[in-house]
Amino acid sequence: MGVTERLLIMKTMNNIKIDQIRLNIPYDETNQVEDSQGLPKEVIVADNLLHLAWLFKSNTVSHGHNGYTSSYNFGSGEQGGNISVMWNETRKDMGILVDFTATGKALYESLAELHGIPINWKRIIEELYEKMGHISRIDIATDLINYGFSVNRIIQRLKNEESFFLNTQGNKINSNRFKIIGNYEEAQTLYVGSRKSDAFLRIYNKKIEQDRASGLYRNLARNCNDWVRVEAEFKHRLAKDLGRYIATLTIDNIYPYLLGCVLERWSLVDKEE
Numbered sequence: 005m006g007v008t009e010r011l012l013i014m015k016t017m018n019n020i021k022i023d024q025i026r027l028n029i030p031y032d033e034t035n036q037v038e039d040s041q042g043l044p045k046e047v048i049v050a051d052n053l054l055h056l057a058w059l060f061k062s063n064t065v066s067h068g069h070n071g072y073t074s075s076y077n078f079g080s081g082e083q084g085g086n087i088s089v090m091w092n093e094t095r096k097d098m099g100i101l102v103d104f105t106a107t108g109k110a111l112y113e114s115l116a117e118l119h120g121i122p123i124n125w126k127r128i129i130e131e132l133y134e135k136m137g138h139i140s141r142i143d144i145a146t147d148l149i150n151y152g153f154s155v156n157r158i159i160q161r162l163k164n165e166e167s168f169f170l171n172t173q174g175n176k177i178n179s180n181r182f183k184i185i186g187n188y189e190e191a192q193t194l195y196v197g198s199r200k201s202d203a204f205l206r207i208y209n210k211k212i213e214q215d216r217a218s219g220l221y222r223n224l225a226r227n228c229n230d231w232v233r234v235e236a237e238f239k240h241r242l243a244k245d246l247g248r249y250i251a252t253l254t255i256d257n258i259y260p261y262l263l264g265c266v267l268e269r270w271s272l273v274d275k276e277e
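Under the working numbering, the letters of the sequence shown match residues 5 to 277, in that order.
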């Protein structure tokens, strides 16, 4: 069974998720804020969509980055994650950016479940696009646990031309688009594409990453035989288009469709005998 076929099995296992996401809300939404409740109106705009202030009882204020001058942060290192609401009053065209780190998103979802608040990313994204907002980054991940996969074995098969990646057009992706962390004998991470591009794929040994004192899922890592994470990062135009696609779906279970978007761009297939 080829890698792509095994990945497709994950559709039925509901093991696909949005790992990290950035939402961009039009600054004009602040004009709809009547009662700021002691919070910056930009934060209220984000809160109306995501209920951040209700879920997180603590927050910090800091300087923004990437052109955003103000940042209101929910969560903390002690809680395991961070969600930042950023804006620049002199650059309203940049909108209000809500940046979920991977751990911040996981914490957000856990707190929402604890308080009985349903989090439906399909509906959140749909409402975002109704407000003429967009997604500026979205990472889609799937975990292959106890599948007998090895990142090193995948790399060896690519090196020996026993397997190869196909792009959206069905053309073979050249090996100069690969980057390997480690060596060919003990490689733990494979990158396909450039981190500077709008689409980037990472395949790595999640078991090793999590089997350390700081690992959030250390018990899982220690009790599984193997754990490979496949993570696709979409940014800028591709992220915006993917968000628009999600918003138009007629069902709430968006995850098989997200996996389809990953497989369409990076399809790992075995060489025909």
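Think of the CB as a built atom: it goes at the ideal place given N, C-alpha and C, for glycine as much as any other residue.
In three-state terms, what does DSSP make of Q24?
Residue state for Q24 is assigned as strand, using DSSP reduced to three classes.
Short Cβ contact (9 angstroms threshold) for I100 with T146:
Not in contact: I100 and T146 (Cβ atoms no closer than 9 angstroms).
Am I right that L170 and I184 are in contact with their C-beta atoms under 8 angstroms? What's the rounded C-beta distance?
In this structure, L170 and I184 do not form a Cβ contact; the two beta carbons are roughly 20 angstroms apart against a cut-off of 8 angstroms.
Beta-carbon proximity check, V273 vs A236, cutoff 9 angstroms
For the pair V273 and A236, the CB atoms are not nearer than the 9 angstroms cut-off.
In whole angstroms, give me the CA-to-CA distance for Q83 and G219.
Low confidence applies to Q83: its pLDDT is 48, below 50, so where it sits in the model is not reliable, and the reading given next is rough at best. Taking the straight line joining both Cα atoms gives about 13 angstroms.
My guess is that R269 and A203 are in contact by the Cβ rule of under 8 angstroms, so how many angstroms apart are they, rounded?
Yes, R269 and A203 are in contact; Cβ-Cβ is about 6 angstroms, under 8 angstroms.
Beta-carbon contacts of G152 that lie in its chain and below 7 angstroms, excluding the five residues immediately before and after:
Only D230 meet the Cβ criterion.
Closest to N70 by C-alpha separation, out of V89, L59, N63, would be which residue?
Minimum Cα distance to N70 is reached at V89.
Any 3 or more C-beta pairs closer than 8 angstroms across the region 53-63 and the region 106-122
Here the region 53-63 makes contact with the region 106-122; the two share three or more CB pairs at distances below 8 angstroms.
Under the three-state DSSP convention, the category A50 falls into
The answer is helix: DSSP assigns A50 an H, G or I state.
Within a Cβ cutoff of 7 angstroms, which residues of the same chain sit near N19, ignoring the five residues on either side of it in sequence?
Same-chain partners within the cutoff: T146, D147.
With distances taken from CA atoms, which of S179, E113, A251 is nearest I123?
Among S179, E113, A251, the Cα nearest to that of I123 belongs to E113.
Report the residue ranges of all beta strand (DSSP E) runs contained in full by the region 128-178; include only those spanning at least 3 residues, in chain order.
Along the length of the region 128-178, whole beta strand (DSSP E) runs at least 3 residues long occupy 138-149, 167-170, reported in chain order.
CB-CB under 8 angstroms to K244, same chain, minus the five flanking residues each way: which ones, in chain order?
A distance below 8 angstroms between beta-carbons, with the five flanking residues on each side excluded, links K244 to the following residues of its chain, in chain order: H138, I139, S140.
Can you name the residues that DSSP bridges to F238?
Residue pairing by DSSP puts F238 in a beta bridge opposite I142, A203.
Within 9 angstroms, strictly: CB atoms of F168 and I159:
Going by C-beta atoms, F168 is not nearer than 9 angstroms to I159.
Could you check the C-alpha separation between S40 and L246 for me, to the nearest Å?
Going by the C-alpha atoms only, they are around 32 angstroms apart.
Nearest CA to the CA of I25: which residue from Q36, L54, E213?
For the residues Q36, L54, E213, the minimum Cα distance to I25 belongs to L54.
What are the partner residues of H67, as DSSP defines its beta bridges?
For H67, which the question treats as bridged, DSSP gives the partners S74.
Mind checking whether R222 and Q214 have CB atoms under 9 angstroms apart?
Their beta carbons are under 9 angstroms apart, which means R222 touches Q214 by this criterion.
Roughly how many angstroms lie between the CA atoms of G79 and W91, to the nearest whole one?
So the two alpha carbons sit approximately 18 angstroms from each other.
Where does D215 fall in DSSP's three states?
Here D215 sits in coil by DSSP.
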